[in-house]
Amino acid sequence: MTTLDELFASRIATVVPEVVGPTLAAEVRSRLDRAGYTRYALLDRGSYDVALAPDEPALAAALAGLAHQVTGRSLVLADARALRLGAGDYLLAHHDRVHDDHLVELILDLSPAGVPGADVHYRRHGKVVFQLASRPGAVSVVERGPETACHHAYVSKRHLGACVVRLVVRLRDA
Numbered sequence: 004m005t006t007l008d009e010l011f012a013s014r015i016a017t018v019v020p021e022v023v024g025p026t027l028a029a030e031v032r033s034r035l036d037r038a039g040y041t042r043y044a045l046l047d048r049g050s051y052d053v054a055l056a057p058d059e060p061a062l063a064a065a066l067a068g069l070a071h072q073v074t075g076r077s078l079v080l081a082d083a084r085a086l087r088l089g090a091g092d093y094l095l096a097h098h099d100r101v102h103d104d105h106l107v108e109l110i111l112d113l114s115p116a117g118v119p120g121a122d123v124h125y126r127r128h129g130k131v132v133f134q135l136a137s138r139p140g141a142v143s144v145v146e147r148g149p150e151t152a153c154h155h156a157y158v159s160k161r162h163l164g165a166c167v168v169r170l171v172v173r174l175r176d177a
């Protein structure tokens with residue numbers, strides 16, 4: 004059953020620029036590379052590298068603190084993963100993990116450089132409600148309801164050597 008609060012609750016979707024600098028981003032990328040990624044390649048869902056539950060507790064805690072500042076909610080870590088996309092990679096919306104509760108999702112762009120068109124789209128009922136452009140160092144903070152889906156746009160093969168690295172952290176109410 005849906006309550007009136009759930010129906011009419013405001014949903015925050017914002018970008019906080021320059022949360023991490025290039026040096027820290029490079030250090031995190033290096034740690035993620037050392038820990039290793041697994042290739043995900045089900046073409047009807049996505050093609051990308053993923054590291055589940057990356058060991059970045061200090062960074063996850065800092066992101067949770069940022070989410071608290073933006074949303075005013077007391078939050079704890081629900082899950083985290085790191086995504087690495089190269090030329091030709093993507094994640095489709097119907098591959099997105101949907102939840103019944105109202106999570107806060109943060110995406111930290113750890114990429115070495117911005118990649119044109121490598122955007123993240125949040126959709127409700129098929130319509131784009133928030134778009135995050137490739138912007139190294141920036142963090143998006145998005146309050147997600149069960150009706151919200153997310154996809155990472157196709158990284159064009161025209162950008163040979165492109166490397167998009169994103170830390171995706173999902174938080175739930177404490």
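So my numbering is basically just the index in the sequence shown, starting at one, shifted up by 3.
C-beta atoms are modelled at their ideal positions from N, C-alpha and C, and glycine is treated no differently.
Since this is a predicted model, take the numbers as computed values, not measurements.
Legend entry - Neighbourhood of Ala-81 by C-beta distance below 7 Å, restricted to the same chain and skipping five residues each side: Leu-106, Arg-173, Leu-174, Arg-175
Legend entry - Residue environment, Arg-161, which counts as buried when at least 16 other CB atoms sit within 10 Å: exposed
Inset, instruction - Would you tell me roughly how many angstroms separate the C-alpha atoms of Leu-111 and Leu-45, rounded to the nearest one? - result: 24 Å
Inset, instruction - May I ask you to list the residues that DSSP assigns as paired with Ser-50? - result: Ala-44, Tyr-93
Legend entry - Local Cβ density within 10 Å of Val-128, reported as buried at 16 or more and exposed below that: Contrary to the premise, residue 128 reads as His rather than Val in this sequence. It counts as exposed.
Legend entry - Residue(s) in a DSSP beta bridge with Ser-143: Val-18, Ile-110
Legend entry - N- and C-terminal bounds of the alpha helix (DSSP H) containing His-71: 60-74
Inset, instruction - May I have the straight-line CA-CA distance separating Val-18 from Pro-25, to the nearest angstrom? - result: 17 Å
Inset, instruction - Could you pull out every residue in the same chain whose Cβ sits closer than 7 Å to the Cβ of Asp-92, ignoring the five residues on either side in sequence? - result: Ser-50, Tyr-51, Val-158
Inset, instruction - State the Cα-Cα distance for the pair Glu-21 and Ser-143, rounded to the nearest angstrom. - result: 11 Å
Inset, instruction - For Leu-163, name the three-state secondary structure that DSSP assigns. - result: coil
Inset, instruction - Take His-124 and list the residues in its own chain whose beta-carbon comes closer than 6 Å to its own, dropping the five residues that flank it on each side. - result: Val-131, Gln-134, His-154
Legend entry - Coil, strand or helix - Asp-99 by DSSP: coil
Legend entry - The beta strand (DSSP E) enclosing Arg-127, as first and last residue numbers: 123-127
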